[in-house]
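A.B. asks: Residue numbers (the working numbering), protein chains in the order written: chain V, 6 to 371; chain X, 6 to 371.
Note that CB positions come from ideal geometry on N, CA and C, so glycine has one too.
Before we start, here is the structure in question, set down as structure tokens.
Below you can see the structure in the form of structure tokens.
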């Protein structure tokens, strides 16, 4: 990074610290698109993290997540808290329109200067959407928002992973979700801190809530889950070791347990939303009191290191290196069976490694 | 690889070629778990690929995918074709029980020596579940199965990606899936070659089929999709270039188009399943006649190279390298903010790159 770029970055960070919205937007854009200097920015912001309460909200399409989020935001605003909403759509780069719809549905709150709403649907970054989402959440945390709500549609593992990177993970269902919830129950149980049956003025809401409560009593929930969010890699033994982590002040059996609540809401009318707000506050207090916040932080740090290692290696092969050119020139040989994908991959990986190992030191900019 | 291991591998491949089921199971196990020598095996099998018709089947939980797959398998067996079924559950490592249930539900076909059924739910490989599934499909193709059916539950992007790596991708819905399909329509349209409304004896089946057909007329379907399955990386410009690929024998506008059919079935009674079999045959014939099979093959080869590069780099950092040890020793510093995840990641990536670049040549074994 030359002196001019360095001065630019310092000015950007000063504006960011002064609370300037354009600076926030620019930092998010640099981070989300992994543009030059993104690692420097994230490294500079790193010491400021940890103040915001990060809330992940997921659930099947049509569960009313956006309406519920908007209702929640209104209540936080009544308490004069500043709230950021990150709406993530990992399902398709083509459904951007739906998110835009949500944004409009959020109506007046989008005009409130104490509220920041951002949609993310790109799959363009080499770190993947999950990592981008976490890094954008970092930026919002560092900017000073009291609550950072990450809302993601769907009930696949990737959607859960995104929501589960929060301090508090909320799964929203509707009375009609029976089949899907049944099929997903194990994964959902492991990932959630709070269940909400929305549209509870519809038939079957009571039964749905009761069934969820019963399932929860058969499981121990997130506290014991040993499947980290890291993409596709089983680091569970590692995660187990991490969980043993530093000696706890109180032995595990004396720590207060978190009983996962099952709430009922009608987001359209606001019914039940104050109770949801209360449960979120209680969960946050429990995280602190139990020491779980520290454990989750430690585990998230480890995940972040793994993701960043992978991204760094991939960027060297595909963005900074000649990977695409080598692949392109090998396509005919590949198609006619003269080489295998494994031969071509070995060459590209070897080139990337050589370039990375010849860097005199850690490069100063992303 | 020493001489003993080399002889073992040769013996394994001979048994595999002779059609021995234990050899097939062993090769799959080595590939799925990325055990020593897995790359050698895949490289050795590579020239034998391309005979099988690979069929991807996906859809929401409860759509009757397993019952429909079993019905399909029975019809293929009546034609004396050999069929392999790979049942993939990317949603959770905890729902293995459900897959076991499916396997039992497949009942008598599981006992037929012309049928092979394999469940995959592990997230343990460094290449991820999608890559493992494709490599296991390769093994089954090389073994000589006429059809390799990959069945995956869910409607998230990852599930679609797995199904979309097939020659023919089938999306199964039920009359009640309205909302989910609505939300997912863009992604589904792009990924599918065939829609099936199963449980069509229920109310709303006609309407569902009609709505799907109407949506399909508004889109051009998979032929034009430019979002490759590669995990999280936007190689779409690359994919565009690849699609231009070799000069086509006939210009695009003269190639026969594929009109995505919307079929109705009742898997429990077998109603509509022969029509589905027929549509699958027609799609396969179209792939050949249109030149689309070659284009998809080329695109899949490029995806495979990218995935293998990423896996090779990650394995060097985490499996063959000291990544976990470095991370472990940095955890306290990370927790107390003395280093950032970006510092630690730079060190691990640098170590991995150095080790990889110092390898005298491409290692002979996986």
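Start and end of the alpha helix (DSSP H) containing residue 288 of chain V?
C.D. replies: 278-295
A.B. asks: Do the segment 339-352 of chain V and the segment 66-86 of chain V meet, that is, are 3 or more Cβ pairs less than 8 Å apart?
C.D. replies: no
A.B. asks: Would you kindly work out how many angstroms separate the C-alpha atoms of residue 213 of chain V and residue 281 of chain V, rounded to a whole number?
C.D. replies: For residue 213 of chain V and residue 281 of chain V, the distance between alpha carbons rounds to 17 Å.
A.B. asks: CB residue 92 of chain V to CB residue 124 of chain V, shorter than 8 Å?
C.D. replies: Yes. Within cutoff.
A.B. asks: Residue 222 of chain V versus chain X: which residues are under 7 Å apart at the beta carbon?
C.D. replies: Chain X residues near residue 222 of chain V: none, gap ~17 Å exceeds 7 Å.
A.B. asks: Beta-carbon of residue 359 of chain X versus every beta-carbon of chain V: anything under 8 Å?
C.D. replies: yes
A.B. asks: For residue 70 of chain X, which residues in the same chain have their Cβ closer than 6 Å to its Cβ, ignoring the five residues on either side in sequence?
C.D. replies: 62, 64, 156, 177
A.B. asks: Residues of chain X with CB closer than 8 Å to the CB of residue 339 of chain V, please, in chain order.
C.D. replies: 303, 306, 307, 310
A.B. asks: Check the Cβ of residue 47 of chain X against every Cβ in chain V and list those closer than 8 Å, keeping chain order.
C.D. replies: 345, 347
A.B. asks: Classify residue 354 of chain V as buried or exposed, calling it buried when 16 or more other Cβ atoms lie within 10 Å of its own Cβ.
C.D. replies: Residue burial annotation: residue 354 of chain V is buried, with at least 16 other C-beta atoms found within 10 angstroms of its C-beta.
A.B. asks: Check the C-beta distance from residue 57 of chain X over to residue 198 of chain X and give it rounded, since I have them as a contact under 8 Å.
C.D. replies: Actually they do not touch by this definition, with Cβ atoms about 16 Å apart.
A.B. asks: For residue 8 of chain V, count the other beta carbons within 10 Å of its own beta carbon; 16 or more makes it buried, fewer makes it exposed. Which is it?
C.D. replies: exposed
A.B. asks: Which of the residues in the segment 50-79 of chain V, read from start to end, lie with their CB under 8 Å from any CB of chain X?
C.D. replies: 51, 52, 65, 66, 67
A.B. asks: What runs of the alpha helix (DSSP H), each 4 residues or longer, lie entirely inside the segment 290-337 of chain X?
C.D. replies: 297-323
A.B. asks: Report the residue from V/116, V/119, V/120, V/137 whose alpha carbon sits nearest the alpha carbon of residue 126 of chain V.
C.D. replies: V/137
A.B. asks: From residue 18 of chain X to residue 28 of chain X, what distance separates their C-alpha atoms?
C.D. replies: 8 Å
A.B. asks: When the Cα atoms are used, what is the spatial distance from residue 329 of chain X to residue 169 of chain X?
C.D. replies: 34 Å
A.B. asks: Which residues bound the beta strand (DSSP E) around residue 89 of chain V?
C.D. replies: 88-93
A.B. asks: Taking 8 Å as the CB-CB cut-off, is residue 206 of chain V touching chain X?
C.D. replies: no
A.B. asks: For residue 355 of chain X, decide whether its Cβ has a neighbour in chain V, counting only Cβ atoms nearer than 8 Å.
C.D. replies: yes
A.B. asks: Can you list the residues of chain V that residue 350 of chain X reaches, using a CB-CB cut of under 7 Å?
C.D. replies: Per Cβ cutoff of 7 Å: 310, 313, 314, 317.
A.B. asks: Determine the extent of the alpha helix (DSSP H) in which residue 72 of chain X is found, giving its start and end residues.
C.D. replies: 70-83
A.B. asks: Just verifying my parser: in three-state terms, what is the DSSP assignment at residue 62 of chain V?
C.D. replies: strand
A.B. asks: If you measure from the beta carbon of residue 296 of chain V to each beta carbon in chain X, is any gap under 8 Å?
C.D. replies: no
A.B. asks: Under a CB-based cut-off of 8 Å, is residue 362 of chain X close to chain V?
C.D. replies: yes
A.B. asks: Rounding to the nearest angstrom, what Cα-Cα distance links residue 263 of chain V and residue 89 of chain V in this structure?
C.D. replies: 26 Å
A.B. asks: DSSP beta-bridge partners for residue 202 of chain X?
C.D. replies: X/178, X/269
A.B. asks: With 8 Å as the threshold, decide whether the Cβ of residue 29 of chain X is near any Cβ in chain V.
C.D. replies: no
A.B. asks: State buried or exposed for residue 324 of chain V, treating a residue as buried only when at least 16 other CB atoms are found within 10 Å of its CB.
C.D. replies: exposed
A.B. asks: Residue 121 of chain V by DSSP, collapsed to three states: which one?
C.D. replies: strand
A.B. asks: Measuring alpha carbon to alpha carbon, tell me which of X/32, X/86, X/277, X/289 ends up nearest residue 143 of chain X.
C.D. replies: X/32
A.B. asks: In three-state terms, what does DSSP make of residue 157 of chain X?
C.D. replies: Look at residue 157 of chain X here: in three-state DSSP terms it is strand.
A.B. asks: Looking at the secondary structure, which residues open and close the alpha helix (DSSP H) in which residue 36 of chain V lies?
C.D. replies: Start and end: 26-37.
A.B. asks: Closer than 8 Å by C-beta to residue 294 of chain V: which residues in its own chain qualify, once you throw out the five before and the five after it? Chain order, please.
C.D. replies: By the criterion of a C-beta distance shorter than 8 Å, residue 294 of chain V is surrounded in its chain by 261, once the five residues flanking it on both sides are discounted.
A.B. asks: Cα-Cα, which of X/148, X/321, X/25 is closest to residue 55 of chain X?
C.D. replies: X/148
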